[in-house]
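Each remark here refers to the structure printed beneath this line.
Residue numbers (my numbering): 18 to 219.
What follows is the structure, encoded as structure tokens:
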């Protein structure tokens with residue numbers, strides 16, 4: 018469920034979707050707003066911070082819902098996440114002054130910018146699990162308080178697996194789409210083979 022949550026935040030639901038990096042302007046805006054981890058943690062830990070209104074929230078939700086309409090298993094799972102949960106996720110982005118959730122692979126995994134994205138992802142994930150937004154995925158809530166484990170899982174998925182997809186796409190544009198098409202063909206061949214074996218056994 019954490020992997021799906023990350024992809025929803027990132028807006029990369031499709032099987033061939035490749036993440037985009039933040040613009041230089043977005044990074045500069047963040048760097049001007051936050052100069053230390055203490056500032057980020059103060060905002061994270063303050064229960065009285067009013068979440069700013071997100072003017073683009075409705076459009077963002079429309080775009081996310083459009084991504085959920087494909088026939089992939091991931092899209093079907095994402096389509097079952099309540100709109101209130103999506104609004105909460107986007108609202109938390111606005112709270113930190115982020116226009117979009119886009120980790121920056123040009124910085125270290127634990128830079129201030131990327132650390133803030135980690136906070137947003139894990140904090141919203143834990144909240145949505147508690148609020149039953151991912152109950153259709155049978156999430157084991159016993160792991161929610163194991164922040165070290167969640168952080169390790171997050172880092173491996175974002176800064177290794179997704180990074181490798183992004184890196185390969187930079188070297189070989191269209192690689193993700195080609196891989197998706199190849200996997201689709203192989204899956205169809207496997208289904209045909211199973212059908213043939215079944216018919217021959219009858």
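Every residue, glycine too, gets a C-beta built ideally from N, C-alpha and C.
Predicted model, so just to flag it, every value in this text is computed and none were measured.
Below 7 Å between beta carbons: does that hold for residue i and residue j?
i: residue 142; j: residue 38; result: no
i: residue 126; j: residue 173; result: no
i: residue 30; j: residue 92; result: yes
i: residue 97; j: residue 153; result: yes
i: residue 44; j: residue 133; result: no
i: residue 99; j: residue 150; result: yes
i: residue 136; j: residue 50; result: no
i: residue 21; j: residue 94; result: yes
Report the rounded CA-to-CA distance for residue i versus residue j, giving the unit in angstroms.
i: residue 48; j: residue 130; result: 8 Å
i: residue 169; j: residue 157; result: 17 Å
i: residue 110; j: residue 138; result: 9 Å
i: residue 89; j: residue 128; result: 34 Å
i: residue 46; j: residue 54; result: 16 Å
i: residue 26; j: residue 159; result: 23 Å
i: residue 187; j: residue 101; result: 35 Å
i: residue 24; j: residue 124; result: 20 Å
i: residue 184; j: residue 120; result: 14 Å
i: residue 146; j: residue 52; result: 31 Å
i: residue 148; j: residue 167; result: 18 Å
i: residue 182; j: residue 64; result: 37 Å
i: residue 144; j: residue 163; result: 14 Å
i: residue 108; j: residue 171; result: 21 Å
i: residue 122; j: residue 155; result: 31 Å
Which class does residue i belong to by DSSP, given the choice of helix, strand or coil?
i: residue 174; result: helix
i: residue 94; result: helix
i: residue 140; result: helix
i: residue 132; result: helix
i: residue 104; result: helix
i: residue 29; result: coil
i: residue 52; result: coil
i: residue 116; result: coil
Determine, for residue i, whether the minimum Cβ-Cβ distance to residues of chain B falls below 7 Å.
i: residue 191; result: Considering every chain present, this structure includes no chain B. It has just one protein chain.
| task | Report yes or no: do three or more beta-carbon pairs, one from the region 38–57 and one from the region 103–120, lie closer than 8 Å? | result | yes
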